[in-house]
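Asker:
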DNA sequence: CTGAAAGCGCTAACAG
DNA sequence: CTGTTAGCGCTTTCAG
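See the structure below:
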């Protein structure tokens, strides 16, 4: 068995409680004694047993990060920044993937709840009420979801979607299609709301096509809908869907951006490398990972009672590249409502 | 506090040890009693406290996965499959990122060692001796590294590199450059060994340029070396470097694949989407994640003593796409050694 | 400031 | 088959 607090106590000629205090940074120990203890500990290569500590304190120094799909390029930068920030604060992080399945998400949440001090739920697929219920069992920080009473880090997709519509309108597009995401996706709902408002405000037609799987396959499958809606521009749930859309459109003999413009969301490496290079709404994923961890740790370590719901909103911007271009033939907006 | 084993015992009218047995699947409990206990537990929503359990058993049911860079597209599929497989076996997984820093890797290893049953080290940057030393403290499974006495999952990069050389030779290239990876990378060393052997066997010249940062930046920076070596083809440490190389070459006015052919390694989404689409050696990352977890769990749960070093080698293959083409002008191999 | 003692929630011999 | 009894390694009152 590894070296324990008892070994250190013996080596330093003090009681184990003194060693404990020396390590927990208690001021109830003479500086000189602490030195001696720390020296002995270093000598023996002692490291406090987190598990044992957790049992008495009720604090594990672990947090959990639950995402829908690790392999979706949206998540890795967020995971990276979250675990890096957590480690800076002496927390380790469990990462778990729900495979876009709400039931798996719930089970995971329940399992992890007992062995962490709190959880970060990124782009959850569960319904609000279920999340709220789970929120009673363990400190929760949501990313891209707003649930009354819970902390959240939001990315301003609404603004991004509005920018996208504005950009497309400026290029002369009159008939848009919105390729939404999965059911229960807050991002998808926000996008829709904002895009529809922006479209209405400018007298544009907007067809909604949803839900779609948030993958390249989802995009490929949605390509037909674009043609059927006779849209000249489409805003996709994310970059993966956008890339799939471009592929699917190409397969249908529709050129992007000459005949149809495509805007993605996320600004992942996938969109940057795609040809045509993707016009997309940049999401601050790395910042969101850090912010979520900060919020969580703050909630966990708050001396005072459960503080008020904290919410951080991060900005988005539009990155214009090559997948958008002027509308093919500027049709007169015969059936458009009067612009505001 | 949450419901404990004592509450369940009371509710079921048995002693806590009976509850414990009912949950640990001991056969030392009457089926009928177990039913009653389980019912009471379900009623109360009891879940065994993993932390407390870990303290007595010494088994945490957690494993750690240490990778160099979560955001490098090589890793996410591996992380995803590893955590999925682990969960199937009732293990949770800590994911940590070393940012390519050997010292961070060691610190992480030491910290995590105490709170997991074992660790998977993917593409470590530490030296063999340091890994071997750490291997004494905690069960370790390495991915893409061979250290005597430790379990490992290897991807047959050597074969892949040989295939790449063969492919390039077949296209008439005589002067190759190998853009290697970071110091201490087993993959890089394997590639080099195999590529040099294959090149020598076919009378090709091969220049080594290393180390390189395993990133797009690394590739961009290496582009000049290709021109200076007057190579007509280059094999890159990974897809990211390959894509960077293509970019860098383009900036230097060198066309890929017309003037220089580029082969990547990994077969990530990055290479698939790049234009020109990248010819690359496909690495079985998802399979490796699963295999590593299997090996680790097997080592941890082995009844018998530390079983012999297990090693799994997974195959690779060459995916030919558009970044490779016939050599520009088939120079006579004036200075080549006689072919084998 | 430091030692003593009582557990945290659970498992694991050992009795019965 | 089930109850008893020790702890796992550490923190935390409570004395001194």
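Chains as they are written, first to last, in my numbering: chain Z, 377 to 716; chain R, 377 to 716. All residues carry an ideal CB built from backbone N, CA and C; glycine is no exception. Computed from a predicted structure; not experimentally measured.
(1) Verify the CB distance criterion: does residue 450/R have a CB-CB separation below 8 Å to chain Z?
(2) Can you tell me whether residue 451/Z is helix, strand or coil according to DSSP?
(3) Going by the DSSP bridge assignment, what does residue 637/R pair with across the sheet?
(4) Let me check one thing: in DSSP terms, what residues is residue 693/Z bridge-paired to?
(5) Looking at the C-beta of residue 709/Z, does it have a partner C-beta in chain R at a distance below 8 Å?
(6) Indicate whether at least one CB of chain Z lies closer than 8 Å to the CB of residue 529/R.
(7) Using the C-alpha atoms, what's the distance from residue 415/Z back to residue 385/Z?
(8) So, do the region 693–708 of chain Z and the region 483–502 of chain Z have three or more beta carbon pairs nearer to each other than 8 Å?
(9) Which residues in the same chain have their Cβ closer than 6 Å to the Cβ of residue 710/Z, if we skip the five residues on either side of it in sequence?
(10) Taking CB distances under 8 Å as the criterion, tell me whether residue 639/Z reaches chain R.
(11) Expressed to the nearest angstrom, what Euclidean distance is found between the alpha-carbon atoms of residue 628/Z and residue 565/Z?
(12) Going straight from the alpha carbon of residue 686/Z to that of residue 495/Z, what length do you get?
(13) What are the residues that DSSP puts in a beta bridge with residue 581/Z?
(14) Determine whether the beta carbon atoms of residue 556/Z and residue 520/Z lie at a separation below 8 Å.
(15) Establish whether the CB of residue 544/R and some CB of chain Z are separated by less than 8 Å.
(16) Using a Cβ-Cβ distance cut-off of 8 Å, determine whether residue 716/R contacts chain Z.
(17) Helix, strand or coil: how does DSSP classify residue 438/R here?
(18) Whose CA, out of 552/Z, 475/Z, 675/Z and 539/Z, lies closest to the CA of residue 610/Z?
(19) What does residue 428/R reach in chain Z if we use C-beta pairs closer than 7 Å?
(20) From the DSSP output, which residues share a beta bridge with residue 527/Z?
(21) CB residue 700/Z to CB residue 543/Z, shorter than 8 Å?
(22) I need the boundaries of the beta strand (DSSP E) containing residue 494/Z, first residue and last residue.
(23) Name the two residues that bound the continuous alpha helix (DSSP H) containing residue 593/R.
(24) If you count every other CB in all the chains shown that lies within 10 Å of the CB of residue 558/R, and 16 or more means buried, which is it?
(25) Pull up the distance between the alpha-carbon of residue 763/Z and that of residue 508/Z, whole angstroms please.
(26) Can you name the residues of chain R whose CB is closer than 9 Å to the CB of residue 453/Z?
(27) Let's test the definition: count the other Cβ atoms within 10 Å of the Cβ of residue 378/Z and tell me whether it reaches 16, buried, or not, exposed.
(28) Using a Cβ-Cβ cut-off of 7 Å (strictly less than) and excluding sequence neighbours within five positions of residue 413/Z, which residues of its own chain qualify?
(29) I need the boundaries of the beta strand (DSSP E) containing residue 698/R, first residue and last residue.
(30) Output, in chain order, the set of chain R residues within a Cβ distance shorter than 8 Å of residue 488/Z.
(31) Is residue 382/Z close to chain R? Criterion is C-beta to C-beta, closer than 8 Å.
(32) How many Å lie between residue 659/Z and residue 539/Z at the Cα?
(33) With distances taken from CA atoms, which of 571/R, 503/R and 545/R is nearest residue 536/R?
(34) For residue 614/Z, which of 644/Z, 608/Z, 601/Z and 630/Z has the nearest alpha-carbon?
(35) Determine the DSSP secondary structure at residue 643/R, reduced to helix, strand or coil.
(36) Would you call residue 410/R buried or exposed, if buried means 16 or more other Cβ atoms sit within 10 Å of its Cβ?
Answerer: This is what the structure gives:
(1) For the purposes of this step, residue 450/R is taken as the residue at position 74 of the second chain. No, residue 450/R does not count as interfacial toward chain Z.
(2) By one-based count along the first chain, residue 451/Z stands at place 75. Three-state DSSP puts residue 451/Z in a helix.
(3) By one-based count along the second chain, residue 637/R stands at place 261. According to DSSP, residue 637/R bridges with 609/R.
(4) Along the first chain, one-based indexing puts residue 693/Z at 317. Per DSSP, 658/Z.
(5) For the purposes of this step, residue 709/Z is taken as the residue at position 333 of the first chain. Bear in mind that the predicted position of residue 709/Z carries a pLDDT of just 48, short of 50, making it too unreliable to give a figure here.
(6) Translated into positions along the second chain, residue 529/R becomes position 153. For residue 529/R, the answer is no, since every Cβ of chain Z falls outside 8 Å of its Cβ.
(7) Residue 385/Z sits at position 9 when you count from the first residue of the first chain. Residue 415/Z sits at position 39 when you count from the first residue of the first chain. Going from the Cα of residue 385/Z to the Cα of residue 415/Z covers about 11 Å.
(8) no
(9) Position 334 of the first chain holds residue 710/Z. Summary for residue 710/Z: the model assigns pLDDT 48, below 50, so the residue's position carries little reliability; its value from the coordinates is reported in the next sentence. Contacts found: none.
(10) As a first step, residue 639/Z is located in the first chain; it is residue number 263 there, counting from the start. So, not an interface residue.
(11) As a position in the first chain, residue 628/Z is number 252, starting the count at 1. As a position in the first chain, residue 565/Z is number 189, starting the count at 1. Near 28 Å, if we compare the C-alpha coordinates of residue 565/Z and residue 628/Z.
(12) On the first chain, residue 686/Z is found 310 positions in, with the first residue counted as 1. On the first chain, residue 495/Z is found 119 positions in, with the first residue counted as 1. Cα to Cα, the separation comes out at about 15 Å.
(13) Residue mapping note: residue 581/Z aligns to position 205 of the first chain, counting from 1. In the DSSP output, where bridge partners are listed per residue, residue 581/Z has 551/Z.
(14) Position 180 of the first chain, counted from the start, is the residue given in the question as residue 556/Z. Position 144 of the first chain, counted from the start, is the residue given in the question as residue 520/Z. No, these two residues do not count as a Cβ contact at 8 Å.
(15) Within the second chain, the letter at position 168 stands for residue 544/R. No, because no Cβ of chain Z sits closer than 8 Å to the Cβ of residue 544/R.
(16) Walking along the second chain from the start, residue 716/R turns up at place 340. In this prediction, residue 716/R has a pLDDT of 39, which is less than 50 and means its spatial position is unreliable; nothing more can be read from the coordinates.
(17) Counted from its first residue, the second chain places residue 438/R at position 62. In this structure, residue 438/R counts as strand in the three-state DSSP scheme.
(18) Counting from one through the first chain, the residue named residue 610/Z turns up at place 234. When each option's Cα is compared against that of residue 610/Z, the closest is 552/Z.
(19) In the second chain, the residue the question calls residue 428/R occupies position 52. By Cβ distance, chain Z contributes 431.
(20) Locating residue 527/Z in the first chain gives position 151, where the first residue counts as 1. 517/Z.
(21) Residue mapping note: residue 700/Z aligns to position 324 of the first chain, counting from 1. Residue mapping note: residue 543/Z aligns to position 167 of the first chain, counting from 1. In contact: residue 700/Z and residue 543/Z (Cβ atoms closer than 8 Å).
(22) Mapped onto the first chain, residue 494/Z falls at position 118. First-last of the beta strand (DSSP E) with residue 494/Z: 494–498.
(23) For the purposes of this step, residue 593/R is taken as the residue at position 217 of the second chain. Counting along the chain, the alpha helix (DSSP H) containing residue 593/R begins and ends at 592–604.
(24) For the purposes of this step, residue 558/R is taken as the residue at position 182 of the second chain. With 16 or more Cβ atoms within 10 Å of its Cβ, residue 558/R is classed as buried.
(25) The question about residue 763/Z has no answer, for chain Z in this structure spans 377 to 716.
(26) Here residue 453/Z refers to the residue found at position 77 when the first chain is read from its first residue. Those within 9 Å of residue 453/Z in chain R are 446 and 447.
(27) For the purposes of this step, residue 378/Z is identified with residue 2 of the first chain, where counting begins at 1. Per the 10 Å Cβ criterion, exposed.
(28) One-based indexing of the first chain puts residue 413/Z at position 37. For residue 413/Z, where only same-chain residues beyond five positions count, the Cβ hits under 7 Å are 384, 388, 390, 394, 395 and 398.
(29) For the purposes of this step, residue 698/R is taken as the residue at position 322 of the second chain. No beta strand (DSSP E) holds residue 698/R; DSSP gives it neither H nor E.
(30) For this step, residue 488/Z is matched to residue 112 along the first chain. The answer, in chain order, is 468.
(31) For this step, residue 382/Z is matched to residue 6 along the first chain. With 8 Å as the cut-off, residue 382/Z does not count as an interface residue toward chain R.
(32) In the first chain, the residue the question calls residue 659/Z occupies position 283. In the first chain, the residue the question calls residue 539/Z occupies position 163. Going by the C-alpha atoms only, they are around 13 Å apart.
(33) Within the second chain, residue 536/R is the residue found at index 160, counting from 1. Ranking 571/R, 503/R and 545/R by Cα distance to residue 536/R puts 571/R first.
(34) For the purposes of this step, residue 614/Z is identified with residue 238 of the first chain, where counting begins at 1. When each option's Cα is compared against that of residue 614/Z, the closest is 644/Z.
(35) Taking the first residue of the second chain as position 1, residue 643/R is located at position 267. It is coil, neither helix nor strand.
(36) As a working mapping, residue 410/R is identified with position 34 in the second chain. Under this definition residue 410/R is a buried residue.
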